[in-house]
Amino acid sequence: KLKALKAKLRLWKGKIEQGNAASFPLLNLFLKDKEDVSLLDVQNIIVEHLEKLSDEFDRYIPDEELHEKYKWVRRPFDVQVEDLSEEESSILSLQEELI
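Residue 1 is where the sequence shown starts when you use the UniProt record's numbering, and the numbers rise one by one after that.
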């Protein structure tokens, strides 16, 4: 789902850069109603916002490699023990003792 959202952000950014606000219905309606405001007036702000939003997703939600490394945390019983580091193996042993 996150990959799809990131793809949408790239798509929306590209559309705005091309001068197409159809992906933003309220903005599109506003621009049609207000003749004294054009997409060019807000285009850079929107593009910058979408870029920052994408950057923040990348910063707060690590890439797939990290997800793979720590998937044992989300599903502790669905893990290949031989893939674990010594520290992770100790944590897993502790979990087993507690259950």
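Heads up, the beta-carbon is just placed ideally off N, CA and C, and yes, glycines get one too.
Predicted model, so just to flag it, every value in this text is computed and none were measured.
Under a three-way DSSP split, which group does SER93 fall into?
-> Taking the first residue of the sequence shown as 1, we reach residue 93 at position 93. Note: SER93 maps to helix in three-state DSSP.
If you compare alpha carbons, which of ILE91, SER38 and ASP58 is closest to LYS3?
-> In the sequence shown, the residue the question calls residue 3 occupies position 3. Nearest of ILE91, SER38 and ASP58 to LYS3, Cα basis: ASP58.
LEU27 versus ALA7: straight-line alpha-carbon distance, rounded | Within the sequence shown, residue 27 is the residue found at index 27, counting from 1. Within the sequence shown, residue 7 is the residue found at index 7, counting from 1. Spanning the two alpha carbons is a distance of roughly 20 Å.
Would you please state the rounded distance, in angstroms, between the beta carbons of GLY14 and LEU39? I believe it to be under 8 Å.
-> Numbered from 1 along the sequence shown, position 14 holds the residue referred to as residue 14. Numbered from 1 along the sequence shown, position 39 holds the residue referred to as residue 39. That pair is no contact at about 14 Å.
ASP78 by DSSP, collapsed to three states: which one?
-> As a first step, residue 78 is located in the sequence shown; it is residue number 78 there, counting from the start. Here ASP78 sits in coil by DSSP.
Look up ASP36 in the DSSP assignment and say whether it is helix, strand or coil.
-> As a first step, residue 36 must be located in the sequence shown, where it is residue number 36. ASP36: coil per DSSP, three-state reduction.
What number of angstroms, rounded off, separates the C-alpha of LEU5 from the C-alpha of SER23?
-> Translated into the one-based positions of the sequence shown, residue 5 becomes position 5. Translated into the one-based positions of the sequence shown, residue 23 becomes position 23. Taking the straight line from one Cα to the other gives about 14 Å.
Selected residue, minimal CA-CA separation from residue 105, among GLN95, GLU96, ARG10 and SER93 = This structure cannot settle anything about residue 105, because the visible part of the chain is limited to 1 through 99.
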